Amino acid sequence: MHPAFSVIFFTTLSGAGYGLMMWLGALALLQHGGLDGAPELSLRALGAGLLASLLLVTAGLLSSTAHLGKPLRSWRAFSQWRTSWLSREGVMAVLTYAPALALLAWLLALSPERAWPAAWPALAGAALSVCALLTVACTAMIYASLPPIPAWRHPLVVPVYLAFAALSGAALLGALPGGSGVGRVAAWAVALLAPLTALLKWRYWAAIDRQPLPASRGDALGLPGRQPSVFERPHTEDNYLTREMGYVLARKHAAKLRRIGAGLFAGLPLALAVAALALPAAGGALMAAAAVSVLLGALVERWLFFAQARHVVTLYY
Amino acid sequence: MREHAPTEPAIDLSPSPGDEVKTTTCYMCACRCGIKVWLTDGKIRYIQGNPEHPVNQGVLCAKGSAGIMQHYSPARLSKPLLRVGERGRGEFREIEWDEALSIAAGWLGAIRERNPDELAFFTGRDQSQALTGWWAQQFGTVNYAAHGGFCSVNMAAGGLYTLGGSFWEFGEPDWEHSRYLMLWGVAEDHDSNPIKLGLGKLKARGAKIVAVNPVRSGYGAIADEWIGIRPGTDGLFAFALIHELLKADKIDLEYLVRYTNAHWLVLRNPGGADDGLFARDGQGRVLCWARGPHPGPLPQAGEGAQRSPSSAGPQATDAAPRPSSPEEPPLPPAGEGRGEGRAHPADAVGISPAVVGEYVLADGRRAVPVFHLVAERYLDPQYSPDAVSERCGIPADTIRRIARELAHAAFEQTVRLPIAWTDAHGREHAEMIGRPVSLHAMRGISAHSNGFHTCRALHLLQLLLGAVDTPGSFRYQPPYPKPIPPPNRPGKQRQSNGTLDAAPLGFVHGPEDLVVDASGNPRRIDHAFSWAYPLSAHGMMHSVIRNAWAGDPYKIDTLMMFMANMSWNSAMNTRQTMGWLTDKDDNGDYRIPHIIYADAYASEMTAYADLVLPDTTYLERFDAISLLDRPISDADSACDAIRHPIVDAATQPLQDNPNPRDVRGFQSVLLDLGARIGLPGMTLDDGSPRYRDYADYIVRHERAPGVGLLAGWRGEHGELEAKGPPNPEQLQRYIDNGGFWRGHVPEAARYYKMSNRAYLDWAQKLGFLGHAEPIALQLYSETLQKFRLAAQGHGAQQPPAQHRERVATYFDPLPIWYEPFEGAQVEDGAARFPLSAVTQRPMFMYHAWGSQNAWLRQIATRNYLYLHPDTGARYGIDDENWIEVESHHGRIRVQAKFAGNVQPDTVWTWNAIGKRRGAWKLDKNAPEGRKGFLLNHLISDITPRGDYANADPVTGQAAWFDLRVIIRKAADAGEETSQPQFEPLPGPAADDRPLRYGVEFRKRR
Amino acid sequence: MTALPPPSKKKLGLVIDLDTCVGCHACAVSCKEWNTGGIAAPLTDERPYGEDPSGVWFNRVHSYELAAEPASTGCGGGGDAAVAAQPAMTLHFPRSCLHCEEPACVTVCPTGASFKRAEDGIVLVDEDKCIGCKLCSWACPYGAREYSPVEGVMKKCTLCIDRIYNENLSEAERQPACVQACPTRARHFGDLGDPDSAVSKLVAERGGVDLMPQLGYRPTNKYLPPRPRRAEEAAAPAPQETLDPQALPGVLRWLDKVLSR
Ligand SMILES: Nc1nc2c(c(=O)[nH]1)N[C@H]1C(S)=C(S)[C@@H](COP(=O)(O)OP(=O)(O)OC[C@H]3O[C@@H](n4cnc5c(=O)[nH]c(N)nc54)[C@H](O)[C@@H]3O)O[C@H]1N2
Ligand SMILES: Nc1nc2c(c(=O)[nH]1)N[C@H]1C(S)=C(S)[C@@H](COP(=O)(O)OP(=O)(O)OC[C@H]3O[C@@H](n4cnc5c(=O)[nH]c(N)nc54)[C@H](O)[C@@H]3O)O[C@H]1N2
Ligand code: SF4
Ligand code: SF4
Ligand code: SF4
Ligand code: SF4
Ligand code: SF4
Ligand SMILES: [Mo]
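Chains U, W and F, in that order, give the protein sequences. Using this note's numbering, you'd call the opening residue of the first sequence number 2 and step up by one each time. Using this note's numbering, you'd call the opening residue of the second sequence number 75 and step up by one each time. Using this note's numbering, you'd call the opening residue of the third sequence number 76 and step up by one each time.
As structure tokens, this is what we get:
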């Protein structure tokens, strides 16, 4: 599949944004839901985190409209939530703004004398966490629901998307200003999630390397069992299909890129997270570096997610 | 989620397909299908096939469907052009028509006064030879031809000198009844939609289709069997089939003696002036040997053996009969033991003619029936499947099997139609019995230097099977069959008013018809009808430019061409051709002083004209698709058609130039020019033009009293068919009828046309035949033998010494096979140039002119050289490598592509996809120019030995497919450009913004 | 909208006979020609006269080579030293929308622009709603959806819905442009939901197949596979008389033949 940068940016950035929201929401729930000993998320960190995640999510969504032929009509995309994961994603993405803004409003309006329902931050946090999670799941399902692209149909696609969101969210969490209270949690999360994500992703890659297309060229021509080879394409030059679905990445390059990607989204962040745990003083900076690394790694991973996915229509070409 | 039955948007299911619909004839190729053109707001909304039309019955090919883009092509010409820069640079000044016509009339008028032969008028792939040939005749130049000489004259001549009809688009397989079809070297053909319709029918019926072709493209793809033959060896394959059929006695002798010259007696008088001519009686009637008691009174009994001085053969002054030579096979004692026989006019009925044996005529001459010679020759072991297998690349078992299958289909699957008919001799038959075997052949046979004989070999095969114009077999399309050879001979004598005695093209019957001077040298600039190419019935367009440049046999003043891309894909030896067109003599004058060219588009050729006459598109003019030219008939009906202006050219400007296009139909321009220079036939007594324009000519011109270009609705009120006075309303009647006329062949006349009383009478009535005599099909060609005798030193007209051996060799009265010249003449050729290289017609593209079409060019924006993977491996070439291809003549650089559907000693490419940069208003970096290529750069216009045109020695047919090459990996593999490249033609490319054709129709709704 | 309607009784579609298709591209071009002025107008072409031209086509004709089936013999004239082994055949394959029964291209559409008609099962795009997200083209295994970057919307075969019901056309011409044009008549149009329709009978008779049925899209269009190639007619007899051409003159066997003219 053609790796369109608008879509890659969208999924990486919004993934990180929703990941951060998941963490923020969860921490808010824990902290304001009355759990003793919950990690202390400073209001400053929460505010910065919310702003950062909203920024990421919004940038991602805007970037995704660059992929559209008719961006001005994108409002129509909310209508088909009953069948379409893309529509569901859109709906969820918009819904997610509600708890995020609710939490932000609470934060901005926060002064001891103003009485907000005590459950407000906890409920908003819970909702935020759930919505963010669902949005990422919907994004993943857009891909995971397409039978013609077996690499995307793979059962690990949704977990990997969620893992990436959680990982990049965690790294960002650790990098938040005034976030020392959750710094350790974030560092621990990165230290655990990085290898977990890498493991999932390696398993995914190994699986798609072995996975054949669900049909042969013979099947595509209605002649199962025969072995057709291409004599002439319908047109000698490229067309929408060959450009969009016919993108093929040489295996050699893929292997290299996978190593680079894994190093960036898992190896380096893991090291940095361990360092952050060891050197709490430099924690923020180290986690910021980890966040950058995860995001870069995720971009590579996402690019590969497209570039390595074969669409069955390529059987015709 | 099905429960939520959604609401659907409202769709207009019945939008108007157009404000109006007009019927006319397609011109995107020579097939000439009927089309319906829908117009909306004066723009073409849609072109569809006309279901009523006899040619295409509603279907439409890719080219025809892309007619919109041809009509709106940005490469259309819009005004007459006068050259300003050097010739070939493509620099012009737009001029008015008056200036253009007076310049042309100035040149032409002077020529006509001086010597009309100084005009060479050659037309390309057009279909108005009924006009252009007549015009040349009125002008008085012998130097006229159309493109047939480089196209398929071998097919036409091979057929017309054998069957009086031919493959090409003059005959067709019996699509309704055939059980077995062999396609020989056909990729597309002129009859493209009828053939496809027919193949669909055969397929639906489960008939077997065999494709004989080194390449398995379109038609071959759906064939049941593909015989990947080595190019140029079809004659051998046919002989091996004939050999097998003769051996198994699977031949239709009854058919042969009834409809062919199988029983005609051929004189055996080696060295004599009458050797090999038919034995004739005192009245010039050809004789046969009739055996057994004759059932009835003989018409001219007793006279049979007298020779007559009026016999058609050359004078036989030195014709002392000689005994047969000792190495001849022992023959039965003539007449002895079977002595009841006697010589008898061969066309008599009720006789039992002998088909073998040597007989002594009353005057002592010895003669054998034609069939005897046929059997003798092709039973020879040199034609056995085992002997030819390796050369042809076909396993001997396959050849034997095909022979068996042919015999089986012909003799075991006989078709009987319950149609009573009467033969030419008045005998009545209750049914029509047929041999359901059809052959169809085209340029794969034709475009070789042995093509004429190969074509005759195929006809011989058909005839032996009794499979010509019977139910299930090959069928004639009226006005064919014609007498053999057709009666019209090439014009060559100038009359007092300066016109020629006949149209310049025709059929040579013997040496006396050649267009040569007293010493036997060519009189035509293309050397057609000379001793070098005696039966060049369509002229030799491929040798005009070289000869005009060389002044061979003389210098001409003006080369006028119409619709032929002669500086590109229509030329062999393209690079030098461009050189000849621009070469100057010592005085600095162009060696070809004037070039006038009529094209509708900015082709490669327009750059080489001094004066460009812009034609209209096919939707903007009148045209006649005349029975006098290349008819569109089918086997069951005679048809002709017109084109008429669907839109007015003046309202069809170019995209980037709002001025109306100021273009004129070339045919009208030709009549105008003729009137300006006062040509007979085109002027009235007071010197004023006789015809307003071509439309007026179509209606009012009479070739012979009552015979004009169109056969339909003649007579004052349109009540007559084929013959009758002009009808002023004729064109309107055609328009009302969908643009065509169709005259059905009476049912009882639909088969055995060569000897069917009802057909012969009908054809005579319609003027297709001068007389209603039956036509005996010619296994053995006496015309050819006359030339051979001349070459052996007999007769008044004899070839100059340098041509004698050639004429004697290639004018064999029975089909022969010889190695194509390019393979035979290059020293060490098999090692140096081991591969054959051929082209295929792409079904979706018409020659040069398809690439300007925004839709068609997307299908093949460039071409590759296809080769078998094994061939690639043999030459160290990988798939998609850039390679060098070299012939004895030149070298090109192209991209290779592997394809298994080709005979491994053959490489191939699509024809004419490669374009010169800058031509056709394409971007200068368009893949057509940058990566596409022509094989033509490798094809020499002369033989390797340099003594003759690269052509068939009998007909002069250009031998495009004789090409032999070697391939190797190109050195600079990274360079993705084809070679040769020429300087791009100047001028801006077309507007390359997205083409949103049709958006306006949607808006209107 | 992108929910699917209950299965319709009428299932309009095409039947394409691969045994007869010669790969002439007539269907592809006539399709382009009709539809570029039809309800899906225009079928935009980019760089029409330039480098790398590219346009919207609802129908594209592919060409393949099919290796010989192990069981089949007698094709291609191969098998002897005189000619190398050849693939059994060249196959032309026109590809357009199959108007699937379970079209994921419809259900993935976020806007409702894609829909399957309840009445006859035709799958269409409502270009006024389409946002050009291209997801439907990803969801189509058959490559039947064509995006135009210039128009910004998705396009596809309309089954010539503006022809097949068009009352301005004569009844005989109410068929898709590609079917009307096809010179070999390898394309057939009709109601595949009706077992008695001509197309359904053809499919039954010739063993028409679905493309990639395992993907579960349940195409309406059917393809008729190439028939087994007819090699030698079983009945073809060996030469009755074998003649030894060495023993000259063989021609004499016809000496006593009594023929009548
Ligand atoms: N290598 C190779 N070369 C070949 C062949 C081959 O098989 N292999 N085939 C040969 C054969 S058989 C042929 S017929 C030739 C054909 O080759 P070309 O002569 O190139 O034939 P076309 O492309 O048909 O058209 C010639 C010209 O007609 C112009 N034209 C088109 N429509 C009109 C019109 O309405 N009016 C006027 N005035 N002009 C118009 C076109 O613009 C073009 O310039 O190619 C020959 N060359
Ligand atoms: N679409 C389309 N239709 C056209 C044209 C066009 O340009 N495009 N051009 C028209 C014109 S001008 C012409 S002349 C006709 C030509 O019509 P065809 O003769 O059908 O066209 P070609 O492509 O020249 O086909 C020649 C075939 O012969 C094969 N061949 C080559 N050498 C040999 C051989 O030695 N033996 C055998 N058995 N086969 C051989 C080639 O592989 C090729 O398949 O088509 C006409 N129709
Ligand atoms: S075969 Fe095609 S291009 Fe030729 S006349 Fe017919 S429709 Fe037109
Ligand atoms: S072929 Fe593709 S576009 Fe057509 S209905 Fe099926 S899935 Fe949809
Ligand atoms: S591109 Fe258009 S039709 Fe396709 S899924 Fe997106 S909105 Fe629907
Ligand atoms: S049915 Fe109509 S839209 Fe579909 S491929 Fe055929 S011509 Fe094109
Ligand atoms: S028009 Fe018919 S024969 Fe030609 S490519 Fe299409 S389906 Fe095949
Ligand atoms: Mo031709």
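Ideal Cβ positions, reconstructed from N, Cα and C, are used throughout, including at glycine. Keep in mind it's a predicted model, so treat the numbers as computed, not measured.
Test: residue i CB closer than 8 Å to a CB of chain F
{"i": "G1061 of chain W", "result": "no"}
Burial state of residue i (16 or more Cβ within 10 Å)
{"i": "V158 of chain U", "result": "buried"}
{"i": "N57 of chain F", "result": "Residue 57 of chain F lies beyond the range of chain F shown here (76 to 336); nothing can be said about it."}
{"i": "T295 of chain F", "result": "buried"}
{"i": "V158 of chain W", "result": "exposed"}
{"i": "H145 of chain W", "result": "buried"}
{"i": "S641 of chain W", "result": "buried"}
{"i": "D271 of chain F", "result": "exposed"}
{"i": "A342 of chain U", "result": "Past the edges of chain U, shown from 2 to 318, lies residue 342 of chain U, and the structure says nothing about it."}
Proximity test, Cβ basis, 8 Å: residue i and chain U
{"i": "P1001 of chain W", "result": "yes"}
{"i": "L286 of chain F", "result": "yes"}
{"i": "N287 of chain W", "result": "no"}
{"i": "E248 of chain F", "result": "no"}
{"i": "R936 of chain W", "result": "yes"}
{"i": "A973 of chain W", "result": "yes"}
Coil, strand or helix - residue i by DSSP
{"i": "F548 of chain W", "result": "strand"}
{"i": "I772 of chain W", "result": "helix"}
{"i": "Q309 of chain U", "result": "coil"}
{"i": "V981 of chain W", "result": "strand"}
{"i": "C362 of chain W", "result": "strand"}
{"i": "H718 of chain W", "result": "coil"}
{"i": "C713 of chain W", "result": "strand"}
{"i": "T307 of chain W", "result": "coil"}
{"i": "Y664 of chain W", "result": "strand"}
C-beta neighbour in chain W for residue i, strict 8 Å
{"i": "Y236 of chain U", "result": "Note on identity: in this sequence residue 236 of chain U is His, with Tyr being the wrong assignment. With 8 Å as the cut-off, H236 of chain U counts as an interface residue toward chain W."}
Legend entry - Completely contained alpha helix (DSSP H) runs for the region 113 to 173 of chain W, where each covers 4 or more residues: 136 to 139, 141 to 145
Inset, instruction - Entirely within the region 106 to 188 of chain U and at least 3 residues each: give me those beta strand (DSSP E) ranges in chain order. - result: none
Inset, instruction - Could you tell me whether the region 240 to 249 of chain W touches the region 541 to 561 of chain W, using the rule of 3 or more Cβ pairs below 8 Å? - result: yes
Legend entry - Touch test, the region 910 to 917 of chain W against the region 1054 to 1069 of chain W, Cβ-Cβ under 8 Å, three pairs minimum: Per the Cβ contact rule, the region 910 to 917 of chain W is not in contact with the region 1054 to 1069 of chain W (fewer than 3 Cβ pairs under 8 Å).
Inset, instruction - Starting from the N-terminal side, write out each stretch of the alpha helix (DSSP H) that is 4 residues or longer and does not extend beyond the region 199 to 252 of chain U. - result: Those alpha helix (DSSP H) runs which fall completely within the region 199 to 252 of chain U and span 4+ residues are 218 to 221, 241 to 245.
Inset, instruction - Count the CB pairs spanning the region 132 to 141 of chain U and the region 87 to 103 of chain U that are closer than 8 Å, and state whether there are at least three. - result: yes
Inset, instruction - Spell out a yes or no on whether the region 95 to 105 of chain F and the region 135 to 148 of chain W are touching, meaning 3 or more CB-CB pairs, one atom from each, closer than 8 Å. - result: yes
Inset, instruction - Examine the Cβ distances between the region 882 to 896 of chain W and the region 272 to 279 of chain W and report whether three or more of them are shorter than 8 Å. - result: no
Legend entry - Contiguous beta strand (DSSP E) assignments of at least 3 residues, all confined to the region 240 to 281 of chain F: 262 to 266
Inset, instruction - For the region 455 to 481 of chain W, list the alpha helix (DSSP H) runs that are entirely contained and at least 4 residues long, ordered along the chain. - result: 459 to 466, 470 to 481
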